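Be aware that the sequence shown starts at 3, since it is given in the numbering used here, and climbs by one per residue. Heads up, the beta-carbon is just placed ideally off N, CA and C, and yes, glycines get one too. A quick note: this is a predicted structure, and the numbers were derived from the prediction, not measured. Heads up, the thing below is written out as structure tokens.
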Amino acid sequence: MPGGLTGRHKIIAMVVDSENADILRQAGADHIVPVAIAAMLAASFIFEPSVPQVLIDLASSVMGVADVVEEDTSQYVGKPFGDVLLEAKRKHDKIPIAVYSVEEGLLVNPP
3 MPGGLTGRHK
13 IIAMVVDSEN
23 ADILRQAGAD
33 HIVPVAIAAM
43 LAASFIFEPS
53 VPQVLIDLAS
63 SVMGVADVVE
73 EDTSQYVGKP
83 FGDVLLEAKR
93 KHDKIPIAVY
103 SVEEGLLVNP
113 P
């Protein structure tokens, strides 16, 4: 029953007990966010404080204009991240913050 309220709206639910995720999906939730994410975010401050700080800054942008957007990045495949960063900023006024690969998963600020 994904699709939530209408085709244009999404239901995002936070789950404390992972056993309840299926119930939330059956109730129409499009995305399930584990409460463990908040715990990992808090723990990250100990070992890599810049990562959670970036996420918090994005989430609480004073101007409300900070967006995290997934885009087609096929034009950047095989390029060093530094080159991608410069090109994206110069041509599109965007700042990439992470790369996702099937082999390695999500890489925040990759080499």
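Practice problem: Have a look at the DSSP bridge pairing and note the partners of P36. | Solution: For the purposes of this step, residue 36 is identified with residue 34 of the sequence shown, where counting begins at 1. Note: P36 sits in a beta bridge opposite V17.
Quiz item: Is it buried or exposed for A38, if we count other Cβ within 10 angstroms and need 16 for buried?
Solution: Here residue 38 refers to the residue found at position 36 when the sequence shown is read from its first residue. Exposed, since its Cβ has fewer than 16 Cβ neighbours within 10 Å.
Quiz prompt | Which of helix, strand or coil DSSP assigns to A29 | solution = Taking the first residue of the sequence shown as 1, we reach residue 29 at position 27. If DSSP states are grouped into helix, strand and coil, A29 belongs with coil.
Quiz item: Taking C-alpha atoms, which residue in V35, D32, V56 lies nearest to V110?
Solution: Counting from 1 along the sequence shown, the entry for residue 110 is found at position 108. It is V56 whose Cα lies nearest to the Cα of V110.
Exercise. Locate the alpha helix (DSSP H) running through V104, then write down its first and last residues.
Key: Within the sequence shown, residue 104 is the residue found at index 102, counting from 1. Unbroken run through V104: none, as it is neither H nor E.
Quiz item: Can you tell which of A44, V101, H94, L108 has its C-alpha closest to the C-alpha of K81?
Solution: Walking along the sequence shown from the start, residue 81 turns up at place 79. Among A44, V101, H94, L108, the Cα nearest to that of K81 belongs to V101.
Exercise. Look at the Cβ atom of V53, then the Cβ atom of P36, and state whether they are nearer than 9 Å.
Key: Along the sequence shown, read from residue 1 onward, the residue named residue 53 stands at position 51. Along the sequence shown, read from residue 1 onward, the residue named residue 36 stands at position 34. No, the pair does not count as a contact, with Cβ atoms beyond the cut-off.
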